[in-house]
Amino acid sequence: IGQIIPIDPDYINLIKVFWSRLITVFLFLGSIILVYKITERFFGIFAARCVALVFATSAGLIAFSHFLTTDIPVTFWMLLAFYFAQNIFFGGSNRDYILAGLLTGIAAATKYNGLAIGIAIVVAHVFSQRHFSWPKLIFSRPLYLGLAAVPLGFIAGNPFAILDYPTFISHFMYNYIVTAVYVGSTG
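Using this note's numbering, you'd call the opening residue of the sequence shown number 140 and step up by one each time.
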């Protein structure tokens, strides 16, 4: 843009930071609402208010917002995926499975550990079954729809994983290799 329109690069950076922070604020506010809704459905209004208050005033989350890390966006996408997994638990439709899967993929595209929320799809599916039957549990069309939606959500959130696969896999493997290993995590 700076080559087409003569704008000071510092001004462009200021605009980028402003909009990035604004998006992060809205994602944080959305996370507070999701925490409230999820808690209210499981534990009631009083617990939801308490948990939302603690979440909203958490020093760690406020710091993540200030420094523009990916933690607030991944938290939002994970909570939204969990919300639809909660719908699955309460007897959800195919739509809930697909949305939970898509949002899990978007969470993973935001930050790889966002993929962990995908476990909620399977757990909600298992606990939503009224009559436990292994074949019915394992060979469930809605479950497969939800799990198949995860890679679609990942590609929607990170299309360059396909469009520029060599760079993507190079960077992925670099992150895999240089990720810190802590004492006790390797056995």
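Beta carbons are placed, not taken as given, at the ideal position from N, Cα and C, and that holds for glycine.
Worksheet item: For N297, which three-state DSSP category applies?
Response: Taking the sequence shown and counting its residues from 1, one reaches residue 297 at position 158. N297 falls in the coil class under three-state DSSP.
Fill in: Three-state secondary structure (DSSP) of I143
The residue labelled residue 143 in the question sits at position 4 within the sequence shown. The answer is coil: DSSP assigns I143 none of H, G, I, E or B.
Practice prompt. From the DSSP output, in three-state form, read off S170 for me.
Written response: Taking the sequence shown and counting its residues from 1, the one referred to as residue 170 is at position 31. Helix at S170.
Item to complete: Would you decide whether Y315 is buried or exposed? Buried here means 16 or more other CB atoms lie within 10 Å of its CB.
Response: Along the sequence shown, one-based indexing puts residue 315 at 176. Counting Cβ neighbours within 10 Å, Y315 comes out exposed, since fewer than 16 surround it.
Worksheet entry | R234 - DSSP class collapsed to helix/strand/coil | Numbered from its first residue, the sequence shown carries residue 234 at position 95. R234: helix per DSSP, three-state reduction.
Practice prompt. For P212, I'd like the list of residues in its chain whose CB is within less than 6 Å of its CB, leaving aside the five on either flank, ordered along the chain.
Written response: The sequence position of residue 212 within the sequence shown is 73, counting from 1. Cβ neighbours of P212 beyond the five flanking positions: L166, T249.
Fill in: The alpha helix (DSSP H) enclosing L192, as first and last residue numbers
Numbered from 1 along the sequence shown, position 53 holds the residue referred to as residue 192. It spans 184 to 195 - the alpha helix (DSSP H) in which L192 sits, taken as one unbroken run.
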